[in-house]
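Chains as they are written, first to last, in the working numbering: chain A, 1 to 242; chain B, 1001 to 1242.
The beta carbon of each residue, even a glycine, is placed where N, CA and C say it ideally should be.
What follows is a set of notes on a single structure, which appears directly below.
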DNA sequence: GGTTATCGGATGTAGGACGTCCGATGCTCG
DNA sequence: CGAGCATCGGACGTCCTACATCCGATAACC
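Here's what the structure looks like:
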């Protein structure tokens, strides 16, 4: 037995300790009333203040970075981050691809959630939509149509269309979540291959959604979005059945 | 210059390299067709295979663990994880609390998203709801009423009510997301204090929601849920205005 | 005065040493 | 012979040291 002196609180699982460490760091940020963009103490300082080695601390810091809590800049310092959902996207993408090998369950669930969000919120968004925002939506549609007639893929334009659809709500969390879903879907899209999708038809579908929004017809807009998602769902199902 | 032999790909930001490393690990899982619960190579093996130090590797592994991609068991090994959104909850909770110091913007956005999901999906859930599931919902209501009349708080019962409301959809992703929102809301709830909420009134509100669901009245159910969330939103706004 | 070289500090990476935990093997004892 | 326990080996957890890399700022230089 070499346990001379102080015995560390050994009766806790390592995982719990690491989570506690993360909480401590976040608590420290809140206590010191740091705002987004404010600098955090250096690794050495934190390491000393929290009573853990730099290595252990760094593992927690990396997690916080992945969660979008802090931002780390090499050779400069660490800061409270504004917002970053990229890591979540990676995690979900992984699960989605993993599930594609079975029945694509998680991928379909993802579509369900997205559908609920979009068709559920389109009405509210239309309520506060400005003329400029409406115009920017049509612009995205036009871009899709151009790309479609050229036979090129238009995933980016598609994503932009949906993003602009809900920009008026001014809800960053929602935009971020939808961004995550898009990222995942895009990756899955690559996985299941281009398939036999009809670009022109898809573009036309978006044109009709825009038309309903422009006309202020909430019911139609919601309905069309639902049909849009049915199509996506069908494509995933078909791809899995190979 | 001591760059003898191979020069590491030095022209990339450290952050990009770390993300690449995470992707490599996930790619490795997909390539080897590992399923949830399957063991990963040991840290040493991975460290060697990917050509990075154990320390760097561990930082990526910890992130993947936080994202719910892998599960790490001390002294045993690492495994592909089933599903885990806890870390996401922590990240969102932090942002929510951070935003409470301003105008509670992010907290309100969170409620908006939750509202869209719940009032948007209640109809679909009612379509596939079994009698047993309906009964379990009433059970949750009863529990809330009991606790309310006893003057005790019933956050857990409240969360359970909402969870059971959407259990029929069989959408794990949705349940997880809602679980995250609850976790965040609960933490924020503690932050803004018990306030002057009327427990009995809240319980009654849930009773009426249940009644609408039991009666198969989708429109009323959705409407009541919306009103429920309006109340939550009001409480957050009031708490911030101090 | 503008540009460049240098410096200090902070994060990034690597490797080693030791502690801690877990499951499995093999032993002892009833 | 079987149940319980001690031991063992492997794997993750933590810490330390050393060095590389990067960034911003200061100071030297033209």
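So what does DSSP say about residue i, is it helix, strand or coil?
| i | result |
| --- | --- |
| residue 1164 of chain B | helix |
Report the residue from the options whose alpha carbon sits nearest the alpha carbon of residue i.
| i | options | result |
| --- | --- | --- |
| residue 83 of chain A | A:95, A:76, A:67 | A:67 |
| residue 1180 of chain B | B:1102, B:1212, B:1095 | B:1095 |
| residue 135 of chain A | A:210, A:14, A:233 | A:210 |
| residue 133 of chain A | A:40, A:147, A:168 | A:168 |
| residue 186 of chain A | A:102, A:76, A:111 | A:111 |
| residue 183 of chain A | A:197, A:158, A:206, A:172 | A:158 |
| residue 126 of chain A | A:212, A:39, A:89 | A:212 |
| residue 1065 of chain B | B:1076, B:1080, B:1052 | B:1080 |
| residue 27 of chain A | A:153, A:156, A:69, A:228 | A:69 |
| residue 1218 of chain B | B:1016, B:1043, B:1124, B:1058 | B:1124 |
| residue 141 of chain A | A:35, A:130, A:104, A:201 | A:201 |
| residue 1238 of chain B | B:1105, B:1059, B:1162, B:1118 | B:1105 |
| residue 1240 of chain B | B:1198, B:1056, B:1214, B:1188 | B:1188 |
| residue 1098 of chain B | A:177, A:37, A:154 | A:37 |
| residue 1150 of chain B | B:1163, B:1043, B:1198, B:1131 | B:1198 |
| residue 161 of chain A | A:72, A:143, A:114, A:13 | A:143 |
| residue 1190 of chain B | B:1214, B:1215, B:1153 | B:1153 |
| residue 1178 of chain B | B:1013, B:1060, B:1033, B:1113 | B:1113 |
| residue 14 of chain A | B:1107, B:1229, B:1073 | B:1073 |
| residue 102 of chain A | B:1208, B:1171, B:1035, B:1215 | B:1035 |
| residue 214 of chain A | A:48, A:131, A:230 | A:131 |
| residue 1107 of chain B | A:78, A:163, A:172 | A:172 |
So, is the C-beta of residue i closer than 9 Å to a C-beta in chain B?
| i | result |
| --- | --- |
| residue 148 of chain A | no |
| residue 120 of chain A | yes |
| residue 62 of chain A | yes |
| residue 109 of chain A | yes |
| residue 19 of chain A | yes |
| residue 66 of chain A | yes |
| residue 134 of chain A | no |
| residue 167 of chain A | no |
| residue 90 of chain A | yes |
| residue 76 of chain A | no |
| residue 154 of chain A | no |
| residue 52 of chain A | no |
| residue 11 of chain A | Reliability of the predicted coordinates at residue 11 of chain A is poor, the pLDDT of 46 falling under 50, and the value obtained from them is presented with this limitation in mind. Chain B contact via Cβ: absent. |
| residue 207 of chain A | no |
| residue 256 of chain A | There is simply no residue 256 of chain A to check, as chain A begins at 1 and stops at 242 in what is shown. |
I'd like to check one pair, residue j with residue i: are the Cβ atoms closer than 9 Å?
| i | j | result |
| --- | --- | --- |
| residue 1062 of chain B | residue 92 of chain A | no |
| residue 251 of chain A | residue 1174 of chain B | Any question about residue 251 of chain A goes unanswered here, given that chain A covers just 1 to 242. |
| residue 1120 of chain B | residue 116 of chain A | yes |
| residue 148 of chain A | residue 203 of chain A | yes |
| residue 1050 of chain B | residue 1086 of chain B | no |
| residue 166 of chain A | residue 122 of chain A | yes |
| residue 205 of chain A | residue 227 of chain A | yes |
| residue 1040 of chain B | residue 1057 of chain B | no |
| residue 1118 of chain B | residue 1225 of chain B | yes |
| residue 100 of chain A | residue 192 of chain A | yes |
| residue 71 of chain A | residue 54 of chain A | no |
| residue 1207 of chain B | residue 1145 of chain B | yes |
Measuring only between beta-carbons, confirm whether residue i sits less than 9 Å from chain A.
| i | result |
| --- | --- |
| residue 1179 of chain B | no |
| residue 1240 of chain B | no |
| residue 1228 of chain B | no |
| residue 1033 of chain B | yes |
| residue 1236 of chain B | no |
| residue 1189 of chain B | no |
| residue 1112 of chain B | yes |
| residue 1233 of chain B | no |
| residue 1116 of chain B | yes |
| residue 1055 of chain B | yes |
| residue 1162 of chain B | no |
| residue 1145 of chain B | no |
| residue 1103 of chain B | no |
| residue 1026 of chain B | yes |
| residue 1079 of chain B | no |
| residue 1014 of chain B | yes |
Runs of beta strand (DSSP E) wholly within the segment 131 to 206 of chain A (minimum 3 residues, chain order): none
Start-end ranges of the beta strand (DSSP E) lying completely within the segment 47 to 127 of chain A, minimum 3 residues: 70 to 73, 77 to 80
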